[in-house]
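Student: In full-length UniProt numbering, the protein residues as written are 1 to 483.
Backbone N, C-alpha and C fix where the C-beta goes; we use that ideal spot for every residue, glycine too.
Keep in mind it's a predicted model, so treat the numbers as computed, not measured.
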């Protein structure tokens, strides 16, 4: 694992702001979309488009939200599953470590109370034999060594130290002595005798506050390393093991073994979180899920590392059926809506054609009423309008005929009045000739008759005009029925 991106903390701090900004963008997009749907753009489109565009737009938005929720929920579920599975696997490995270390501590602890260690020179052979019996009982134990405060030393397998060798100057002795009777574990190191990677548990033999010596057991850790290196987490994840100082003991990438991760950001994050936990970190330029657990005996840290891409891929597998289902639902819904709208538009066009005939004067139109919906109510209203217009025109035609008859009667009456007036005028003339003394009176009577004649003629002219207007209204009404 190489150094993680140094901008990780900055990205984590900015992440809430980025999410909020994305939410604002989505809200603005929806607002613009509905502004377009409710705006003037739809007014110039066909009714089918005015109905389809808003409905399909809402369905698409809801589908996108549903698919996004499905993906986010799927990713969260996958992450939790992988985290729990990794944590369980690390716990199982940690339990193996505890068993391994507890057994070694128990062996060392038993030797610390063995009275034969009080006199190494006298009991050298027996101590070495007991050491050999322990080593032969467990192949994971590499060596047992005891050094007294008097610089006496016994080791199994047998090793001849130089006469000037001072075991109390060794680091392992000093660490064990400083433990005051507690088990002390070293980090892995290369054994100078076997040249193999081993780890040691050290414990002082004490008498009160006085350290009488230190016993050390060296253990092979190849089995632990192989168990960690061979661990497979998820599809592509792997495990790693760090010592108490952050140096890689085991990893699927052998190039990392022996390198330190103490300065990397993910290691600092683990120390901040405590003995166990999980978090995301950018390692080698890739975002990864890190699950860790620190062994309470050795202080080593087990790591489970899974690429975020694996989580995303598995989330896609969960979201894909949902997306396909949503797309199928949208397609079926659109086809159904188009079918329903087709039926509605067909009925609407029937009404439109009937209204066009009424507009041209054909009031005999009757539209069949289908169903009880709004279209049926509109059809009923148009039929009622046509019927009302027909009744009105019929009444107008009847009135026109009555006016025409009255006009003819008035004309005949006027003609009779004119004839009577002429007769009266002739009679008056004869009387005037016979009675000159009454001429003035007759002249006045004749003037009155002339005035009466003018009024009769005026009435006759008005009657003719009324008759002409009535005939025109009759012709117009007859023409509307013919159409």
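Go ahead and pull the three-state DSSP assignment for residue 491.
Tutor: Only positions 1 to 483 of the chain appear in the structure, and residue 491 is not among them; the question remains open.
Student: In terms of alpha-carbon separation, which member of 412, 413 and 450 lies closest to residue 429?
Tutor: Of the candidates 412, 413 and 450, the one whose C-alpha sits nearest the C-alpha of residue 429 is 450.
Student: Starting from residue 193, follow the alpha helix (DSSP H) in both directions and report where the run begins and ends.
Tutor: Premise fails: residue 193 is in no alpha helix (DSSP H) and is neither H nor E.
Student: Let me check understanding here. Comparing Cα to Cα, which of 339, 404, 128 and 288 lies closest to residue 51?
Tutor: Nearest of 339, 404, 128 and 288 to residue 51, Cα basis: 339.
Student: According to the neighbour-count rule (16 or more other Cβ atoms, all chains shown, within 10 Å of its Cβ), is residue 202 buried or exposed?
Tutor: Label assigned to residue 202: buried.
Student: Taking the CB atoms as reference points, tell me whether residue 214 and residue 204 lie closer together than 8 Å.
Tutor: Yes, these two residues count as a Cβ contact at 8 Å.
Student: I'd like the span of the beta strand (DSSP E) that includes residue 286, first residue to last.
Tutor: Per DSSP, residue 286 belongs to the beta strand (DSSP E) from 286 to 294.
Student: Looking at C-alpha atoms only, which residue of 381, 248, 337 and 324 is the closest neighbour of residue 301?
Tutor: For residue 301, the nearest C-alpha among the options comes from 248.
Student: To the nearest angstrom, how far is the alpha carbon of residue 365 from that of residue 388?
Tutor: Whole-angstrom Cα-Cα distance: 12 Å.
Student: In whole angstroms, what separates the C-alpha of residue 284 from that of residue 240?
Tutor: Cα to Cα, the separation comes out at about 15 Å.
Student: Does residue 103 come out as helix, strand or coil in the three-state DSSP assignment?
Tutor: If DSSP states are grouped into helix, strand and coil, residue 103 belongs with the helices.
Student: Around the Cβ of residue 218, are there at least 16 other Cβ atoms within 10 angstroms (buried) or fewer (exposed)?
Tutor: It counts as buried.
Student: How many angstroms separate the CA atom of residue 189 from the CA atom of residue 110?
Tutor: Each residue's alpha carbon lies about 25 Å from the other.
Student: In the DSSP assignment, what residue or residues form a beta bridge with residue 247?
Tutor: Looking at the DSSP assignment, residue 247 forms a beta bridge with 260.
Student: Under three-state DSSP, which class holds residue 15?
Tutor: A caution first: residue 15 carries a pLDDT of 44, below 50, which makes its placement in the model unreliable, though a value can still be read off. Helix.
Student: Tell me which residues share the same chain as residue 127 and place their Cβ nearer than 6 Å to its Cβ, disregarding the 5 neighbours each side in the sequence.
Tutor: Excluding sequence neighbours, residue 127 sits near 116 and 154.
Student: Could you check which residue in 162, 103 and 119 has the C-alpha nearest to that of residue 134?
Tutor: Measuring from the Cα of residue 134, the nearest candidate turns out to be 103.
Student: To the nearest angstrom, how far is it from the Cα of residue 330 to the Cα of residue 64?
Tutor: Looking at the two C-alpha atoms, the distance is approximately 11 Å.
Student: Would you call the stretch 167 to 175 and the stretch 242 to 262 in contact, with 3 or more CB pairs under 8 Å?
Tutor: At 8 Å Cβ cutoff, the stretches do not touch.
Student: Considering only the alpha carbon of each residue, which of 305, 198 and 468 lies closest to residue 252?
Tutor: Among 305, 198 and 468, the Cα nearest to that of residue 252 is on 305.
Student: Consult DSSP for residue 206 and reduce its assignment to one of helix, strand or coil.
Tutor: Residue state, collapsed to three classes: strand.
Student: Which residues share a DSSP beta bridge with residue 146?
Tutor: Residue 146 pairs with 154 and 215.
Student: I believe residue 94 touches residue 275 by the beta-carbon criterion, under 8 Å. Please report the beta-carbon distance rounded to the nearest angstrom.
Tutor: About 10 Å separates the two Cβ atoms, so there is no contact after all.
Student: Since I believe residue 345 is in contact with residue 311 (beta carbons under 8 Å), could you give me their beta-carbon distance rounded to a whole number of angstroms?
Tutor: The pair is not a contact, with the Cβ atoms about 49 Å apart (cut-off 8 Å).
Student: In this structure, how does DSSP classify residue 232 when only helix, strand and coil are distinguished?
Tutor: Reduced to three states, the DSSP call for residue 232 is strand.
Student: Take residue 390 as the anchor and find which of 182, 400 and 361 has the nearest alpha-carbon.
Tutor: Minimum Cα distance to residue 390 is reached at 361.
Student: What is the rounded straight-line gap between the Cα of residue 291 and the Cα of residue 186?
Tutor: One C-alpha to the other measures close to 24 Å.
Student: Rounded to the nearest angstrom, what separates residue 309 and residue 287 at their Cα positions?
Tutor: Answer to the nearest angstrom: the Cα atoms are 8 Å apart.
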